Amino acid sequence: MGIQAKLILPILVAFLVFASAIHFYWSPSQFQNERQSLIQQLHREFSALDSGLIRNLLENDFSALYATLKDQDEFNGDSWLQLTLYNAKGKRLYPLFPLEENVDNSDYLIPYSHPIMLQDVQLGHIELKLDWREKFNEIQQRIHTLGLYLVLTISLLVLFVISWQKRIIISPLRNLQKASEKMAEGEYESALPESAQDEIGSLTRSFNRMREKVISSQEKLTKAHRATQQAFEQIALKNTQLQDEISQRQLIQEQLNKMALYDQLTALPNRYMLQNEANRILASAKRFGHLVGFMFVDLDGFKAVNDNHNHETGDAVLIEMSLRIAAEVRDIDMLCRVGGDEFIIILPSSNSLYNLENIALRILSAVRKPITSVKIDEALSASIGISVYPADSTNFERLIELADAAMYRAKKAGKDRYAHSTSL
Amino acid sequence: MLLLSALSSLSWVNLQAQDTTYTIGIVPQFEAKKLRGIWQPIINYLEQETGHQFRIEGSPSIPDFENQFLRGEFDFTYMNPLHMISAYENNSYAPLLRDIDKLLHGVLVVKADSSITKIAQLDGSIVAFPSPNALGASLLIRQELEDNYAIRIYPRYVKTHDSVYLNVLLGEAAAGGGVEKTLNRQPAQYQQALRIIHTTQGVAPHPIAAHPRVPAEVVESVKAALLKLGSNAEGKALLAKIPISRIGPATIQDYLPLKQLQLDRFYVR
Numbered sequence: 091m092g093i094q095a096k097l098i099l100p101i102l103v104a105f106l107v108f109a110s111a112i113h114f115y116w117s118p119s120q121f122q123n124e125r126q127s128l129i130q131q132l133h134r135e136f137s138a139l140d141s142g143l144i145r146n147l148l149e150n151d152f153s154a155l156y157a158t159l160k161d162q163d164e165f166n167g168d169s170w171l172q173l174t175l176y177n178a179k180g181k182r183l184y185p186l187f188p189l190e191e192n193v194d195n196s197d198y199l200i201p202y203s204h205p206i207m208l209q210d211v212q213l214g215h216i217e218l219k220l221d222w223r224e225k226f227n228e229i230q231q232r233i234h235t236l237g238l239y240l241v242l243t244i245s246l247l248v249l250f251v252i253s254w255q256k257r258i259i260i261s262p263l264r265n266l267q268k269a270s271e272k273m274a275e276g277e278y279e280s281a282l283p284e285s286a287q288d289e290i291g292s293l294t295r296s297f298n299r300m301r302e303k304v305i306s307s308q309e310k311l312t313k314a315h316r317a318t319q320q321a322f323e324q325i326a327l328k329n330t331q332l333q334d335e336i337s338q339r340q341l342i343q344e345q346l347n348k349m350a351l352y353d354q355l356t357a358l359p360n361r362y363m364l365q366n367e368a369n370r371i372l373a374s375a376k377r378f379g380h381l382v383g384f385m386f387v388d389l390d391g392f393k394a395v396n397d398n399h400n401h402e403t404g405d406a407v408l409i410e411m412s413l414r415i416a417a418e419v420r421d422i423d424m425l426c427r428v429g430g431d432e433f434i435i436i437l438p439s440s441n442s443l444y445n446l447e448n449i450a451l452r453i454l455s456a457v458r459k460p461i462t463s464v465k466i467d468e469a470l471s472a473s474i475g476i477s478v479y480p481a482d483s484t485n486f487e488r489l490i491e492l493a494d495a496a497m498y499r500a501k502k503a504g505k506d507r508y509a510h511s512t513s514l
Numbered sequence: 035m036l037l038l039s040a041l042s043s044l045s046w047v048n049l050q051a052q053d054t055t056y057t058i059g060i061v062p063q064f065e066a067k068k069l070r071g072i073w074q075p076i077i078n079y080l081e082q083e084t085g086h087q088f089r090i091e092g093s094p095s096i097p098d099f100e101n102q103f104l105r106g107e108f109d110f111t112y113m114n115p116l117h118m119i120s121a122y123e124n125n126s127y128a129p130l131l132r133d134i135d136k137l138l139h140g141v142l143v144v145k146a147d148s149s150i151t152k153i154a155q156l157d158g159s160i161v162a163f164p165s166p167n168a169l170g171a172s173l174l175i176r177q178e179l180e181d182n183y184a185i186r187i188y189p190r191y192v193k194t195h196d197s198v199y200l201n202v203l204l205g206e207a208a209a210g211g212g213v214e215k216t217l218n219r220q221p222a223q224y225q226q227a228l229r230i231i232h233t234t235q236g237v238a239p240h241p242i243a244a245h246p247r248v249p250a251e252v253v254e255s256v257k258a259a260l261l262k263l264g265s266n267a268e269g270k271a272l273l274a275k276i277p278i279s280r281i282g283p284a285t286i287q288d289y290l291p292l293k294q295l296q297l298d299r300f301y302v303r
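Those protein sequences? They're chains A and B, same order as listed. Counting in this note's numbering, the final residue of the first sequence is number 514, and the numbers go up one at a time with none missing. Counting in this note's numbering, the final residue of the second sequence is number 303, and the numbers go up one at a time with none missing.
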C-alpha cells in the first residue's frame with residue numbers, strides 16, 4: 091500500500107465512523123425526536139379537549155362529543171387516521187360507522203392513544219394513527235442532503251489531502267529516492283531543495299549533507315587511487331629495474347659460475363668443472379659397470395706458436411684446436427681444458443679400449459691438419475695419454491696421473507701418437 | 035292651534051309609532067348565531083313591508099327566555115306551545131300565526147336491529163331525552179309513558195336531539211325521545227339504523243305571539259306581512275327555516291287543551 095493510501099486511510103476510517111454514527115445513532119434519533127415531538131403535540135391537543143370530552147362523556151352528550159371529534163378530525167384531515175373514541179369498557183363510541191381508511195405503510199404511521207382521565211378514573215380513551223409522512227420525508231431528505239454534503243466534503247477533503255500530500259510528502263520523497271539512486275550509480279548532480287521545516291525537510295538536509303560527504307570522500311578515494319596507481323607504477327618500474335638488475339646479476343653470476351667452471355677462452359669446462367663432475371661420472375660408471383676412459387691431450391708445438399706469434403694468434407689456434415677435438419668426441423664425453431695446451435677428456439660409457447683408441451686416432455688426425463683460422467707456419471700435433479677406469483685405477487686423481495704419465499710417454503716416443511697408462 | 039296640537043300629537047303618536055323598535059324574543063332552540071341567521075332576513079322583510087322597526091332580543095337559555103317573557107319583555111315572541119299557555123295566562127300574549135301544516139309529535143326510537151317493538155318492553159330501561167322540558171321529544175312522551183303505559187323508565191337527559199339518537203345508536207340507551215323534524219335531519223345511515231316504535235298525539239306547533247301592548251294595527255300589519263311572505267316561494271323558503279312549512283293563523287284554543295295533559299308534572303325548573 092502506497093504511503094498515500096496509508097495517509098488517506100485515517101480519513102476514510104473517520105468517514106466510516108462518522109457515517110456509522112449518523113446512520114446508527116443520529117439518523118434514528120432524528121426520527122425518534124420528531125415522533126416524540128408529534129406525540130407531545132397530540133397530547134397537548136387532546137389535553138385541551140379533555141375537559142369538554144369529559145363533560146360530554148359524563149352527560150352522555152354524544153352529539154357534542156361527535157361535533158368536537160368530527161371537527162378535530164376534519165381540521166387535521168389526512169394526517170389523522172382512524173380517530174376512534176372508546177368508553178371505559180372499551181366499547182367504541184365514535185365513530186358509529188367507521189370509514190374504510192387505507193392503512194398502507196406503517197412506517198409513516200404513529201399510533202397514538204390518549205386516556206381520558208377524571209382524576210384517577212379513566213372514562214375512556216382515544217386512539218388514532220398519525221400520518222407523518224411529510225415530516226418523515228422531510229427528515230429523510232435532510233439526512234440524505236447531509237449525507238450528500240458529507241460525501242462531497244469527504245471527497246473534496248480526500249482530493250485536497252491527496253494533492254497536498256503529493257506536494258509535501260510524495261514528491262519530496264520521490265526526489266530523494268531518485269537522487270539516492272543516482273548517487274548509488276555515481277551521479278552526484280545537484281543538491282535537493284531543502285525549504286520545508288518538517289521531517290522531510292530534515293531528511294532532505296541530511297541527504298544533502300550525506301551527498302556532500304560522499305562527494306568529498308569520493309574525491310579522496312579518487313586521489314588515493316591515483317596515488318596508489320602512481321605508487322604501483324613506481325613499484326612496477328622499480329620491479330622491472332630490479333628484475334633487470336637481478337637478471338644482470340644472474341648473468342653475472344652465471345658468468346662468474348661459468349668463469350669458475352669454464353675456460354674463458356675456449357668455453358670448455360675447466361679443471362674445477364672436471365673435479366666437480368668426476369665423482370659423478372665415476373659413480374655412474376661404477377653403478378652401471380662400464381668403463382670410463384681418461385685422455386690427457388697435449389698439443390705439440392704450441393709453445394713455439396705462442397713464442398712466435400702474438401696472443402691473439404695463440405688464442406685463435408687454441409680455439410680452433412679445441413673445436414676440432416670437440417668434434418671428434420661424443421656428446422656424453424667431457425672435454426676440458428686444464429692448461430695452456432692441455433686437455434683432459436673423460437669418456438664415460440666406453441665399451442672397450444678399442445673404441446677409446448679409435449677416438450684418440452681421430453683426434454690425432456684432426457689436430458694434424460693445418461690451422462685455418464690464422465696464418466701460421468708451424469705444424470701442430472697432439473700427444474695423448476689414456477687411462478681406464480676401473481682397470482687402471484678407481485681413483486680419479488690417480489687416473490689423471492696415469493693418463494698424464496701416459497701422455498709423457500707418448501711425447502717422448504715421438505709425439506703425434508697415443509699411449510696407454512698401463513704398460514700394455 | 036288645536037289643529038296644530040292635534041296634528042302634532044298625531045304626528046307624535048305616529049312618530050312614537052315610527053320610533054318604536056319592536057322586540058322579538060325567539061326561544062333559544064339553537065344558538066344565537068343560528069337563530070339570527072334564520073330570523074334576521076324575516077325581520078328585514080317585516081321592516082320593509084310594515085315600515086316598523088324590529089329587533090331580535092336574545093336569550094342565553096330557555097329558562098332565561100321563560101323569565102323574560104314572563105316579565106313581558108318581548109313585544110313579539112316565537113315560543114313553544116307550553117310557553118304559549120304560560121305567556122297567555124301570565125301576560126295575555128296572544129298567538130298570531132303558526133305552521134298549520136304540521137303538528138308536533140314526539141317519537142320514541144329504538145335501534146332498528148333491537149328486539150324492542152312495544153313500549154311495554156322498555157320497562158326498567160334507560161331512555162334518552164334531550165332535556166327534561168323539551169315538549170315533543172321529552173314531555174309528551176313521558177306523559178304518555180306515564181299515563182298510558184304502566185311502565186317505569188329511567189330517563190337520561192343528553193342535552194340535544196342529536197345526542198338522543200346517538201345514545202340509542204350506540205346502545206347507551208334502550209330508546210330515545212325525539213321529534214320527526216330532528217329525526218329526519220339525521221344522516222341517512224343513522225335513520226336507517228333507527229326505528230320508531232311510538233308516536234305521540236299531535237300538538238299545534240310553535241306560534242308567533244304578540245304582547246297586548248303592541249298596537250293592533252302593528253300586529254295586523256305584521257300578521258299580514260308574514261302571511262304574504264308565506265304566499266311566495268322565496269318567502270316560503272325563509273319561513274321553512276324557522277321551521278314553518280305553511281304559515282297560517284293561530285288561536286289560543288290551539289294550545290289550551292295541552293293543559294289537560296298536566297305536563298307540569300314532568301317539567302323541571
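Heads up, the beta-carbon is just placed ideally off N, CA and C, and yes, glycines get one too. Keep in mind it's a predicted model, so treat the numbers as computed, not measured.
Close Cβ partners of residue i (< 6 Å) along its chain, the five nearest in sequence each way excluded
i: Y122(B); result: I286
i: L514(A); result: Per-residue confidence for L514(A) stands at a pLDDT of 47, beneath the threshold of 50, marking its modelled position as unreliable; the derived number appears in the next sentence. For L514(A), where only same-chain residues beyond five positions count, there are no Cβ hits under 6 Å.
i: P205(A); result: Q212, H215
i: P246(B); result: S126
i: L290(B); result: none
Cβ neighbours of residue i in the same chain (closer than 8 Å, five flanking residues each side left out)
i: R507(A); result: L454, S473, I474, A500
i: A375(A); result: L381, V382, P438, S439, Y479, P480
Exposed unless 16 or more other CB atoms sit within 10 angstroms - verdict on residue i
i: F114(A); result: exposed
i: P164(B); result: buried
i: A503(A); result: exposed
i: E206(B); result: buried
i: L80(B); result: buried
i: K219(A); result: buried
i: F517(A); result: Look at the range of chain A in this structure, 91 to 514, and you will see that residue 517(A) is not part of it.
i: H133(A); result: exposed
i: T294(A); result: buried
i: W222(A); result: buried
i: N366(A); result: exposed
i: K193(B); result: buried
Within-8 Å CB hit, residue i to chain C
i: A154(A); result: The structure shown contains no chain C; its protein chains are A and B.
For residue i, the first and last residue of its enclosing alpha helix (DSSP H)
i: A104(A); result: 93-111
i: D161(A); result: 152-166
i: S471(A); result: From DSSP, S471(A) is part of no alpha helix (DSSP H) but of the beta strand (DSSP E) over 471-479.
i: K219(A); result: Careful: K219(A) lies outside any alpha helix (DSSP H), inside the beta strand (DSSP E) at 211-221.
i: R488(A); result: 486-502
Residue interval of the beta strand (DSSP E) (run including residue i)
i: D353(A); result: Taken as a continuous stretch (DSSP letters only), D353(A) belongs to no beta strand (DSSP E), as it is neither H nor E.
i: P129(B); result: 128-133
i: T216(B); result: Per DSSP, T216(B) belongs to no beta strand (DSSP E); it is in the alpha helix (DSSP H), 214-218.
i: F392(A); result: That residue, F392(A), is in no beta strand (DSSP E); its alpha helix (DSSP H) goes 392-398.
i: H232(B); result: 228-233
i: I305(B); result: This structure gives no information on residue 305(B), because the portion of chain B shown stretches from 35 to 303.
7 Å Cβ shell around residue i - same chain, five flanking residues per side excluded
i: R70(B); result: I90
i: L159(A); result: L173, L175, Y184
i: A350(A); result: Y362
i: R186(B); result: D157, G158
- Message: Within 8 Å, do at least three Cβ pairs link the stretch 74-84 of chain B to the stretch 257-265 of chain B?
- Response: Between the stretch 257-265 of chain B and the stretch 74-84 of chain B, the count of C-beta pairs closer than 8 Å reaches three or more; the two stretches touch.
- Answer yes if the stretch 92-107 of chain B comes into contact with the stretch 270-282 of chain B, meaning at least three C-beta pairs across the two stretches below 8 Å, and no otherwise. Contact between the stretch 270-282 of chain B and the stretch 92-107 of chain B is absent: fewer than 3 CB-CB pairs across the two stretches fall below 8 Å.
- Start-end ranges of the beta strand (DSSP E) lying completely within the stretch 404-466 of chain A, minimum 3 residues: Whole beta strand (DSSP E) segments, 3+ residues: 424-427, 432-440.
- Within the stretch 266-300 of chain B, ranges of the beta strand (DSSP E) (whole runs, at least 3 residues): For the stretch 266-300 of chain B, whole beta strand (DSSP E) runs of length 3 or above, ordered along the chain, are 281-283.
- Three CB pairs or more closer than 8 Å across the stretch 229-248 of chain A and the stretch 182-191 of chain A: A contact between stretches requires three or more CB pairs, one per stretch, nearer than 8 Å, and the stretch 229-248 of chain A fails this requirement with the stretch 182-191 of chain A.
- Quick one: complete alpha helix (DSSP H) runs, 4+ long, within the stretch 115-150 of chain A? Fully enclosed alpha helix (DSSP H) runs of 4 or longer: 117-149.
- Item | Unbroken stretches of the alpha helix (DSSP H), 4 residues or longer, contained in the stretch 64-141 of chain B | Runs of the alpha helix (DSSP H) inside the stretch 64-141 of chain B: 66-84, 96-104, 115-125.
- Note down, one range per segment and in chain order, each alpha helix (DSSP H) of at least 4 residues found wholly within the stretch 224-285 of chain A. Residue ranges of uninterrupted alpha helix (DSSP H) with 4 or more members, entirely inside the stretch 224-285 of chain A and ordered along the chain, are 261-274.
- Pairing CB atoms from the stretch 296-307 of chain A with CB atoms from the stretch 263-278 of chain A, are three or more of them under 8 Å? Counting Cβ pairs under 8 Å, three or more are found: they touch.
- If you scan the stretch 154-193 of chain B from start to end, which runs of the alpha helix (DSSP H) of 4 or more residues do you find wholly inside it? Taken in chain order, the unbroken stretches of alpha helix (DSSP H) that lie wholly in the stretch 154-193 of chain B and span 4 residues or more are 175-182.
- Query: Counting Cβ pairs closer than 8 Å, one from the stretch 483-502 of chain A and one from the stretch 402-412 of chain A, do we hit at least three?
  - Reply: With a cut-off of 8 Å, the stretch 402-412 of chain A and the stretch 483-502 of chain A do not count as touching, because too few Cβ pairs lie within range.
- Query: Does the stretch 190-210 of chain B come close enough to the stretch 142-157 of chain A to have 3 or more Cβ pairs within less than 8 Å?
  - Reply: Put simply, the stretch 190-210 of chain B touches the stretch 142-157 of chain A. At least three CB pairs are less than 8 Å apart.
- Touching or not, the stretch 127-140 of chain B and the stretch 234-254 of chain B, by the rule of three or more beta carbon pairs under 8 Å? By the Cβ test, the stretch 127-140 of chain B is in contact with the stretch 234-254 of chain B, since at least three Cβ pairs between them sit closer than 8 Å.
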